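Asks: Shown below is the structure under consideration.
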Ligand code: RTP
Ligand code: MG
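Numbering (UniProt numbering), first residue to last: 26 to 181.
What follows is the structure, encoded as structure tokens:
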């Protein structure tokens, strides 16, 4: 965007089961705040098979899909709505490439390099487009799609 409050954007971030169980949540939230994101909403939840499958529906025909669902349901996840200018692309940049092993080489300061293990256990999720972000925020927070930001802060 060209700047100004109108370019504020929201994205859906998630600390995956390996991140939560590895006690990376506080570190990741510090990185998020340091990078000037506002954590608009957060929720610690355990995904069931149906919810994890629906969230990653775009991958349902992939060979890794059953493994992905098993991974994503293996423990609690921390789901967050993040807000800043260019939130979608900035959060994707901060988390780094999908494969945490590759991230450790190509993007050593990325969150996946710091906290992830491999191609599957990569610690965090980020919406890949503004339309994905809108869908994913609705998926978890039906009441926080758009509108008055200040009133939503009260729900933290
Ligand atoms: P995410 O959606 O979780 O932010 O990850 P991403 O965009 O970087 O990668 P995507 O292609 O959307 O894949 C979703 C998640 O599936 C797992 N995965 N496993 N070949 C494999 O075993 C494989 N490929 C992907 C990862 O957990 C990945 O983040
Ligand atoms: Mg993805």
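Built from N, CA and C at the ideal position, the CB exists for glycine as well. The model shown is predicted, which means the values in this text are computed figures rather than measured ones.
Kindly examine ligand 2 and report whether one of its heavy atoms sits closer than 7 Å to the Cβ of residue 143.
Replies: Checking every heavy atom of ligand 2 against the Cβ of residue 143, none is found closer than 7 Å.
Asks: Considering only heavy atoms of ligand 1, does any lie closer than 7 Å to the CB of residue 49?
Replies: Incorrect: residue 49 has no Cβ contact closer than 7 Å to ligand 1.
Asks: For the beta strand (DSSP E) holding residue 38, just list the boundary residues, first then last.
Replies: Counting along the chain, the beta strand (DSSP E) containing residue 38 begins and ends at 33-40.
Asks: Output the boundary residues of the alpha helix (DSSP H) element that contains residue 151.
Replies: Residue 151 -> not in any alpha helix (DSSP H); beta strand (DSSP E) instead, spanning 149-151.
Asks: Looking at the unbroken beta strand (DSSP E) that takes in residue 95, where does it start and where does it end?
Replies: Per DSSP, residue 95 belongs to no beta strand (DSSP E); it is in the alpha helix (DSSP H), 90-97.
Asks: Measure from the alpha carbon of residue 167 to the alpha carbon of each residue in 145, 37 and 130, then state which is nearest.
Replies: The shortest C-alpha separation from residue 167 is found at 37.
Asks: Would you mind sorting residue 80 into buried or exposed? The rule is 16 or more other CB atoms within 10 Å of its CB.
Replies: So residue 80 counts as buried.
Asks: Based on the DSSP output, what are the partners of residue 199 in its beta bridges?
Replies: Nothing about residue 199 can be reported from this structure: the residues present for the chain run from 26 to 181 only.
Asks: Since residue 137 contacts residue 118 with CB under 8 Å, what's their CB separation in whole angstroms?
Replies: That pair is no contact at about 11 Å.
Asks: Among the residues of its own chain, which have a CB less than 6 Å from the CB of residue 180, if the five just before and after it don't count?
Replies: Note that residue 180 scores a pLDDT of 42, beneath 50, so its modelled location is shaky; the value from the coordinates is reported in the next line. For residue 180, where only same-chain residues beyond five positions count, there are no Cβ hits under 6 Å.
Asks: Would you mind sorting residue 92 into buried or exposed? The rule is 16 or more other CB atoms within 10 Å of its CB.
Replies: Exposed.
Asks: Would you please state the rounded distance, in angstroms, between the beta carbons of residue 113 and residue 68? I believe it to be under 8 Å.
Replies: Contact doesn't hold; Cβ gap of about 19 Å is too wide.
Asks: Output needed for residue 164: all residues of its chain with C-beta closer than 7 Å, excluding positions within five of it in sequence on either side, in chain order.
Replies: Once the five neighbours on either side are set aside, the close Cβ partners of residue 164 are 80.
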